[in-house]
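Below you can see the structure in the form of C-alpha coordinates.
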(Lines of atoms letter the chains of each structure in order from A and count residues from 1; the text may use other names and numbers.)
(Lines give C-alpha, C1' and ligand atoms only; values in the text may rest on other atoms or scores of the structure.)
Protein backbone atom coordinates (compact mmCIF):
# COMPACT_ATOMS: atom_id res chain seq x y z
CA UNK A 1 0.00 0.00 0.00
CA UNK A 2 1.12 3.54 -0.71
CA UNK A 3 0.10 5.66 2.23
CA UNK A 4 0.00 9.42 1.78
CA UNK A 5 -1.67 12.50 3.21
CA UNK A 6 -4.42 13.99 1.02
CA UNK A 7 -7.67 15.94 1.14
CA UNK A 8 -10.46 13.35 1.08
CA UNK A 9 -13.08 16.06 0.51
CA UNK A 10 -11.37 17.12 -2.73
CA UNK A 11 -11.09 13.48 -3.81
CA UNK A 12 -14.79 12.77 -3.25
CA UNK A 13 -15.73 15.94 -5.14
CA UNK A 14 -13.48 14.94 -8.05
CA UNK A 15 -14.95 11.43 -8.19
CA UNK A 16 -18.47 12.82 -8.03
CA UNK A 17 -17.81 15.17 -10.95
CA UNK A 18 -16.58 12.32 -13.15
CA UNK A 19 -19.56 10.12 -12.18
CA UNK A 20 -21.92 13.03 -12.77
CA UNK A 21 -20.78 13.32 -16.40
CA UNK A 22 -21.45 9.61 -16.97
CA UNK A 23 -24.82 9.88 -15.25
CA UNK A 24 -25.92 12.82 -17.42
CA UNK A 25 -25.17 10.77 -20.53
CA UNK A 26 -27.75 8.28 -19.24
CA UNK A 27 -30.20 10.98 -18.15
CA UNK A 28 -29.58 10.31 -14.44
CA UNK A 29 -29.28 13.11 -11.89
CA UNK A 30 -26.76 12.98 -9.05
CA UNK A 31 -26.64 15.46 -6.17
CA UNK A 32 -23.62 16.30 -4.03
CA UNK A 33 -24.27 18.27 -0.87
CA UNK A 34 -21.16 19.88 0.51
CA UNK A 35 -20.97 20.13 4.27
CA UNK A 36 -17.96 22.39 4.59
CA UNK A 37 -15.44 24.25 2.49
CA UNK A 38 -12.45 23.27 4.60
CA UNK A 39 -10.09 20.51 3.52
CA UNK A 40 -10.21 17.26 5.48
CA UNK A 41 -6.85 15.52 5.37
CA UNK A 42 -6.43 11.79 5.86
CA UNK A 43 -3.43 9.47 5.73
CA UNK A 44 -4.38 6.53 3.53
CA UNK A 45 -3.81 4.73 0.25
CA UNK A 46 -5.39 7.11 -2.28
CA UNK A 47 -5.54 4.49 -5.05
CA UNK A 48 -7.39 1.94 -2.92
CA UNK A 49 -9.89 4.48 -1.65
CA UNK A 50 -10.68 5.50 -5.25
CA UNK A 51 -11.47 1.85 -5.99
CA UNK A 52 -14.27 1.89 -3.44
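Residue numbers (this note's numbering): 17 to 68.
Heads up, the beta-carbon is just placed ideally off N, CA and C, and yes, glycines get one too.
Item                                                                                        : Value
Range covered by the beta strand (DSSP E) that runs through residue 57                      : 57-61
Inter-residue Cα distance where the pair is residue 47 and residue 62                       : 23 Å
Cβ shell of residue 36 (< 7 Å), same chain only, five flanking positions each side left out : 46
Residue 58 to residue 38 span [Cα, whole Å]                                                 : 27 Å
Residue range of the alpha helix (DSSP H) that includes residue 41                          : 24-41
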